[in-house]
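**Q** Heads up, the sequence shown is in this note's numbering, so the first residue is 34 and it goes up one at a time.
A virtual CB, placed ideally from N, CA and C, is assigned to each residue, including glycine.
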Amino acid sequence: MDNFPLKIKSNYFLAPMAGYTDKPFRKLCREFGCGLTFSELISVNAIYYKNKKTLKLIERDITDKPYCIQLFGSDERLFLYAAQFVEPFCDCIDINAGCPAPKVIRAKAGSYLLKEPKKLISITQTLRKHLKKPLSIKMRIGYEKINPVELYKELERSGIDFITIHGRLKSQYFKGEVDYNHIGQINSVLSIPVVANGGIDSFKKAQQVKRITGCEYLMIGQAAIGKPFIFEDLNKKVDTNRDLGFVKAVMKRHLQYMIDFWGDTAIRQFRKFFHAYLKGYPNIKRFNNMINNCSTNNEALNIIDRIEVNQLTPKEQACK
34 MDNFPLKIKS
44 NYFLAPMAGY
54 TDKPFRKLCR
64 EFGCGLTFSE
74 LISVNAIYYK
84 NKKTLKLIER
94 DITDKPYCIQ
104 LFGSDERLFL
114 YAAQFVEPFC
124 DCIDINAGCP
134 APKVIRAKAG
144 SYLLKEPKKL
154 ISITQTLRKH
164 LKKPLSIKMR
174 IGYEKINPVE
184 LYKELERSGI
194 DFITIHGRLK
204 SQYFKGEVDY
214 NHIGQINSVL
224 SIPVVANGGI
234 DSFKKAQQVK
244 RITGCEYLMI
254 GQAAIGKPFI
264 FEDLNKKVDT
274 NRDLGFVKAV
284 MKRHLQYMID
294 FWGDTAIRQF
304 RKFFHAYLKG
314 YPNIKRFNNM
324 INNCSTNNEA
334 LNIIDRIEVN
344 QLTPKEQACK
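As structure tokens, this is what we get:
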């Protein structure tokens, strides 16, 4: 970890995910040993107009260090404004050049920037010139076809400190094979750290990705939703099946963090996590229905207490 531009305790990172990586979830993942967290993707336009919800999304817990704020947009001037505005509140600025969401693409942001490499390089150069803290970029291996190797070299020359590569094209969204070989190719030609991302959902898979890519650093995305303790498994170099009692305790802790942060609206934010925590367990449809119809935080806590599926893990249930 000596060549990484931030002081980290683990080389497993939490990916920026819209609607998920808010302050409570980052805090929870940090408690399970996550080495580096990222905010949800933050609109440079929203920062410029001081959108209250957006400003709340960049807040972090005192224990959440180091922490990157990821920005997305297409206007270089607004990118610089937003980066300078958020710099005091984080340890690193990250440029989003990977999001495939239609709304982001329509704004010519996210992975759309891969179609305009000159603009992407210019944005990177401008931010590097004016920022004091580390600068990184998260990108896909291409929009509809594979990025040329020269693009990565130009990004390195522009002054970024590390690069995260999601091994899918924009056109694949989050489905299909992850091209770890391409990530490995780029890792072999750059001198800055390369973080591998995409499809990493277990220690076994992490070892496979490290072997193929040669990357020392890995980023975990969707696999952490409903399983923030994956970071503990990765750091301990094991794959475990947690029993329901453990998962319920994590759910309650997570919800309490959300209540502390979001107040009365926490239950609305928590529902998607509830479903993710219980994915794979049998006979939980009625609990999913209960949480969907739940309107208060206390009611949600009571529902978690009532969950019972014989205290077995999803894997053990499947064997019965």
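1) Terminal residues of the continuous beta strand (DSSP E) containing Thr197?
2) Please say whether Thr246 and Ala257 have beta carbons closer to each other than 7 Å?
3) Am I right that Ile30 and Glu189 are in contact with their C-beta atoms under 8 Å? What's the rounded C-beta distance?
4) Kindly give me the distance between the Cβ atoms of Ser72 and Pro99, rounded to whole angstroms, as I take these residues to be in contact under 8 Å.
5) Grouping DSSP H, G and I as helix and E and B as strand, with all else coil, what is Gly175?
6) Counting Cβ pairs, one atom from each stretch, are 3 or more of them under 8 Å apart for the region 196-216 and the region 167-175?
7) If we ignore side chains and look at the alpha-carbon of each, how far apart do Cys62 and Phe264 end up?
8) To the nearest angstrom, how far is the alpha carbon of Asn36 from that of Glu249?
9) Spatial neighbours of Thr237 within its chain, please: CB distance less than 8 Å, with the 5 preceding and 5 following residues excluded, ordered by chain position.
10) Which runs of the alpha helix (DSSP H), 4 residues or longer, sit entirely within the region 52-81?
11) Go ahead and pull the three-state DSSP assignment for Ala351.
12) Residues bridged to Asn129 by DSSP?
13) Measure from the alpha carbon of Phe122 to the alpha carbon of each residue in Pro133, Pro261, Ile91, then state which is nearest.
14) Is Ile102 helix, strand or coil by DSSP?
15) Please classify Asp276 as buried or exposed, where buried requires at least 16 neighbouring CB atoms within 10 angstroms.
16) Suppose contacts are defined by Cβ-Cβ distances below 7 Å. Is Val242 in contact with Ile233 by that definition?
17) Over the uninterrupted alpha helix (DSSP H) stretch that includes Leu251, give me the two end residues.
18) Which partner residues does Tyr45 have in the DSSP bridge list?
19) When you compare only the Cα positions, how much space is there between Leu69 and Thr87?
20) Return helix, strand or coil for Ala299, following the three-state DSSP convention.
21) Compute the beta-carbon to beta-carbon distance between Phe33 and Pro57, rounded to the nearest angstrom, for a pair I have assumed lies under 8 Å.
22) In this structure, does DSSP put Val227 in helix, strand or coil?
23) For Glu332, which residues of its own chain have a beta-carbon under 8 Å away from its beta-carbon, when the five flanking residues on both sides are left out?
24) Whose C-alpha, out of Lys60, Ala115, Asp212, is nearest the C-alpha of Asn84?
25) If you drop the 5 nearest sequence neighbours on each side, which residues of the same chain put their C-beta closer than 6 Å to that of Ser43?
26) Take the Cβ of Val137 as the centre, count every other Cβ of all protein chains shown within 10 Å, and call the residue buried at 16 or more, exposed below.
27) What does the alpha-carbon distance come out to for the pair Gln344 and Ile292?
28) Just reading off the alpha helix (DSSP H) that Asp338 is part of, what are its end residues?
29) Which residue marks the beginning of the alpha helix (DSSP H) containing Asp266, and which one marks its end?
30) Taking the continuous alpha helix (DSSP H) assigned at Met50, which residues delimit it?
31) Label Thr96 either buried or exposed according to how many other C-beta atoms from any shown protein chain fall within 10 Å of its C-beta, with 16 as the threshold for buried.
32) What's the C-alpha gap between Leu168 and Asp212?
**A** Answer, in terms of the structure:
1) As a first step, residue 197 is located in the sequence shown; it is residue number 164 there, counting from the start. 195-202 is the span of the beta strand (DSSP E), which, as asked, contains Thr197.
2) One-based indexing of the sequence shown puts residue 257 at position 224. One-based indexing of the sequence shown puts residue 246 at position 213. The answer is no: Cβ separation not under 7 Å.
3) Because the chain in this structure spans residues 34 to 353, residue 30 falls outside the shown range and cannot be described.
4) As a position in the sequence shown, residue 72 is number 39, starting the count at 1. As a position in the sequence shown, residue 99 is number 66, starting the count at 1. Not really, about 12 Å apart at Cβ, beyond 8 Å.
5) Locating residue 175 in the sequence shown gives position 142, counting from the first residue. DSSP places Gly175 in strand when its eight states are reduced to three.
6) yes
7) As a working note, residue 62 is residue 29 in the sequence shown. As a working note, residue 264 is residue 231 in the sequence shown. Cα to Cα, the separation comes out at about 7 Å.
8) One-based indexing of the sequence shown puts residue 36 at position 3. One-based indexing of the sequence shown puts residue 249 at position 216. One C-alpha to the other measures close to 10 Å.
9) If you number the sequence shown from 1, residue 237 lands on position 204. In the sequence under discussion, the amino acid at residue 237 is Lys, which differs from the Thr named in the question. For Lys237, where only same-chain residues beyond five positions count, the Cβ hits under 8 Å are Asp272.
10) 56-64, 77-81
11) As a working mapping, residue 351 is identified with position 318 in the sequence shown. Reliability fails at Ala351, whose pLDDT of 45 lies under 50, so the model's placement of it is uncertain and no value is given.
12) Here residue 129 refers to the residue found at position 96 when the sequence shown is read from its first residue. Answer is Lys171, bridged to Asn129.
13) Translated into positions along the sequence shown, residue 122 becomes position 89. Of the listed residues, the one whose Cα sits closest to Phe122 is Ile91.
14) The sequence position of residue 102 within the sequence shown is 69, counting from 1. Here Ile102 sits in strand by DSSP.
15) The residue you call residue 276 lines up with position 243 of the sequence shown. Label assigned to Asp276: exposed.
16) As a first step, residue 242 is located in the sequence shown; it is residue number 209 there, counting from the start. As a first step, residue 233 is located in the sequence shown; it is residue number 200 there, counting from the start. The answer is yes: Cβ separation under 7 Å.
17) On the sequence shown, position 218 is the one that residue 251 refers to. Unbroken run through Leu251 is the beta strand (DSSP E), 250-253; no alpha helix (DSSP H).
18) Position 12 of the sequence shown, counted from the first residue, corresponds to residue 45. Beta-bridge pairing links Tyr45 to Leu251.
19) Numbered from 1 along the sequence shown, position 36 holds the residue referred to as residue 69. Numbered from 1 along the sequence shown, position 54 holds the residue referred to as residue 87. Roughly 21 Å separates the two Cα atoms.
20) Position 266 of the sequence shown holds residue 299. Of the three classes helix, strand and coil, the one that applies to Ala299 here is helix, per DSSP.
21) In the structure as shown, the chain starts at 34 and stops at 353, and residue 33 therefore has no counterpart that could be examined.
22) Position 194 of the sequence shown, counted from the first residue, corresponds to residue 227. Three-state DSSP puts Val227 in a strand.
23) Within the sequence shown, numbered from 1, the residue matching residue 332 stands at position 299. So the list reads Ile300, once near-sequence residues are dropped.
24) Your numbering for residue 84 matches position 51 in the sequence shown. If we check each option's Cα against that of Asn84, Ala115 comes out closest.
25) In the sequence shown, counting from the first residue as 1, residue 43 sits at position 10. Result list for Ser43: Gly66, Gly68, Asn268, in chain order.
26) Walking along the sequence shown from the start, residue 137 turns up at place 104. Val137 is buried by the Cβ-count criterion.
27) Residue 344 sits at position 311 when you count from the first residue of the sequence shown. Residue 292 sits at position 259 when you count from the first residue of the sequence shown. Per-residue confidence for Gln344 stands at a pLDDT of 45, beneath the threshold of 50, marking its modelled position as unreliable; no derived number is given.
28) Here residue 338 refers to the residue found at position 305 of the sequence shown. Note, Asp338: alpha helix (DSSP H), 330-339.
29) Along the sequence shown, one-based indexing puts residue 266 at 233. Unbroken alpha helix (DSSP H) run through Asp266: 263-269.
30) Translated into positions along the sequence shown, residue 50 becomes position 17. It is not in any alpha helix (DSSP H) - Met50 carries neither H nor E in the DSSP assignment.
31) To locate residue 96, count along the sequence shown from 1; it is residue 63. Per the 10 Å Cβ criterion, exposed.
32) On the sequence shown, residue 168 is found 135 positions in, with the first residue counted as 1. On the sequence shown, residue 212 is found 179 positions in, with the first residue counted as 1. Between Leu168 and Asp212, the C-alpha separation is close to 25 Å.
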